[in-house]
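Quick note, our numbering runs 24 ahead of the 1-based positions in the sequence shown.
Following: one structure in structure tokens, then a few remarks.
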Amino acid sequence: MMGHLIEIDGSYGEGGGQILRTGLAYSAILNRPIKIARIRAGRRNPGLQPQHLKSIEALAKITKARTDGVKIGSDAITFIPEKITPGRYEFDIGTAGSVTLLLQALLLPLSLSESSSHLVLTGGTHVEWSPPFHYLSEVLLPTLASMGIQAKAEIERWGWYPKGGGRIKIEIHPASDLAPVLLTDRGPLKRIYGISAISNLPNHVAERQKDRALRRIEKELKIEAKIDLLFRIPSNGQGSFLFLIAESEGVKAGFSSLGRKGKRAEDVADEAIDSLKEYMESEGCVDPRLADQIVPFMAFAKGKSSFTTTRITEHLLTDLWVIEHFLKISVSRSGGKEERGRIDLIPASY
25 MMGHLIEIDG
35 SYGEGGGQIL
45 RTGLAYSAIL
55 NRPIKIARIR
65 AGRRNPGLQP
75 QHLKSIEALA
85 KITKARTDGV
95 KIGSDAITFI
105 PEKITPGRYE
115 FDIGTAGSVT
125 LLLQALLLPL
135 SLSESSSHLV
145 LTGGTHVEWS
155 PPFHYLSEVL
165 LPTLASMGIQ
175 AKAEIERWGW
185 YPKGGGRIKI
195 EIHPASDLAP
205 VLLTDRGPLK
215 RIYGISAISN
225 LPNHVAERQK
235 DRALRRIEKE
245 LKIEAKIDLL
255 FRIPSNGQGS
265 FLFLIAESEG
275 VKAGFSSLGR
285 KGKRAEDVAD
295 EAIDSLKEYM
305 ESEGCVDPRL
315 ADQIVPFMAF
325 AKGKSSFTTT
335 RITEHLLTDL
345 WVIEHFLKIS
355 VSRSGGKEER
365 GRIDLIPASY
């Protein structure tokens, strides 16, 4: 039976789309109506933007939810879901809005449903302020697979800012019992590898990104890395991308950077290498981006989950805060915001 309305302050913590995505996903899973007010109140362009609108509309379609306030610029929404209906769905953001952020709202609810789903998502696949597709496919999904999440993603067309138009396909199969996370020690480094990619730009852009990255990794980290070049990428627009994976015995960590007009290829490489170095020279198992993305899954695991991270972000703390509106989880944390630390989470049923 549907419970009482859960009210959430959308300006809390990171005060952005993370509150919407996590709150709506939990509303769908637990069949609890939700009202989110003061949406993005502290941002330069407050209220719902097209990216957020599509997440709400997608979850509303999958749950046959009744909604109120779902329009551009709205500072409050109400979402009253019915049962999750897995199946085949196509969602087009219509802009370069991130398809990986849209998937964040859909992956957990559909994983906990009764049958398989097949999604086609169109929008930005490699855009600022969001995980690129390759982080999803190479870092997040393999980590979630160790918990029992069964999802596969493939990219058909890359979508860059501002044109978007990228297209990915995702298969999601039911996950019965989620295993807890234990990622407290990354273990010995096995390898560093990645890709340097361009669409509709001269090949030398990707080559310069690769050369700069390899030189810095060898000089500063004393490690030999392997970076593949991707030149002929299907896309409607122009873009460049560098993605690096540090694969240790216990975990994968991902670091990326995007080119833009006026940004030198060497600067693109430096941005990714600086993030990689910060991780390699710090203690902690999970990279900051992975930490906030696995927490919503941990609350449904069959037992205590623990991880250490090189940096506790506002996104991570906000996710925990939202989850506590729905479930009586027990969380202990060592380390302050923007510091390395540890999270231990015991689900409500344990």
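From the three backbone atoms N, C-alpha and C, an ideal C-beta is built for every residue, glycine too.
Small disclaimer: the values here were computed from a predicted structure and weren't measured.
In the three-state scheme derived from DSSP, where H, G and I count as helix and E and B as strand, glutamate 152 is classed as coil. Between isoleucine 43 and aspartate 99, the C-beta spacing is not below 7 angstroms. Taking C-alpha positions only, glycine 308 is separated from lysine 95 by approximately 41 angstroms. One Cα belongs to glycine 66, the other to glycine 39, and the distance between them is close to 7 angstroms. With the rule of 3 Cβ pairs closer than 8 angstroms, the stretch 325–333 does not count as touching the stretch 28–35. Rounded to whole angstroms, the Cβ separation of proline 186 and glycine 121 is 11 angstroms, and the two are not in contact under 8 angstroms. With contacts defined by Cβ atoms closer than 7 angstroms, glycine 190 and glycine 183 form a contacting pair. If you look at isoleucine 318, you'll find it in the alpha helix (DSSP H) that goes 312–322. Relative to serine 358, the option among Lys59, Phe350, Leu282, Thr337 whose CA is nearest is Thr337. Between the stretch 145–165 and the stretch 271–282 there are three or more C-beta pairs closer than 8 angstroms, enough to call the two in contact. Within the stretch 60–121, complete beta strand (DSSP E) segments of at least 3 residues are found at 90–92, 100–104, 112–116, given in chain order. Taking C-beta atoms as the reference points, leucine 126 and leucine 145 count as a pair closer than 7 angstroms. The DSSP-derived three-state label of serine 137 is coil.
Phenylalanine 279 carries a strand assignment under DSSP once its states are collapsed to helix, strand and coil.
Put simply, the backbone Cα of serine 137 is about 16 angstroms away from that of arginine 56. Secondary-structure assignment with DSSP links valine 355 through a beta bridge to Leu369.
With contacts defined by Cβ atoms closer than 7 angstroms, isoleucine 53 and isoleucine 101 do not form a contacting pair. Annotation for serine 139: Pro110, Pro198 place their beta carbon closer than 7 angstroms to its own, counting only its chain and skipping 5 residues before and after. Glutamate 106 places its beta carbon 7 angstroms or farther from that of threonine 124. Judged by DSSP in its simplified three-state form, glutamine 262 adopts coil rather than helix or strand. Looking at the DSSP output, leucine 48 shares a beta bridge with no other residue.
Pairing tyrosine 303 with aspartate 311 gives a Cβ-Cβ distance under 7 angstroms. Our two residues, phenylalanine 267 and aspartate 298, have alpha carbons roughly 12 angstroms apart in a direct line. By the criterion of a C-beta distance shorter than 8 angstroms, lysine 214 is surrounded in its chain by Glu271, Ser272, Glu273, once the five residues flanking it on both sides are discounted.
In the structure shown, histidine 158 falls within a helical segment according to DSSP collapsed to helix, strand and coil.
Under the DSSP definition of a beta bridge, phenylalanine 350 lacks any partner.
Per the coordinates, the alpha-carbon of serine 135 lies some 43 angstroms from the alpha-carbon of lysine 243. The C-beta of leucine 300 has 16 or more other C-beta atoms within 10 Å across all chains shown, which makes the residue buried. Here arginine 335 carries a coil assignment [DSSP, helix/strand/coil]. Annotation for arginine 191: the continuous beta strand (DSSP E) segment containing it runs 190–197. Secondary structure of alanine 230 (DSSP, three-state): helix. Taken through DSSP and simplified to helix, strand or coil, aspartate 33 comes out as strand. Under DSSP, glutamate 271 takes part in a beta bridge, and its partners are Arg215, Lys276. By alpha-carbon distance to leucine 48, the top candidate from Lys78, Pro70, Leu238 is Lys78. Non-local C-beta neighbours of histidine 158 in its own chain, meaning closer than 6 angstroms and more than five positions away in sequence, comprise Phe267, ordered along the chain. Contact check for isoleucine 241 and isoleucine 216: beta-carbon distance about 6 angstroms, within the 8 angstroms limit, so the pair qualifies.
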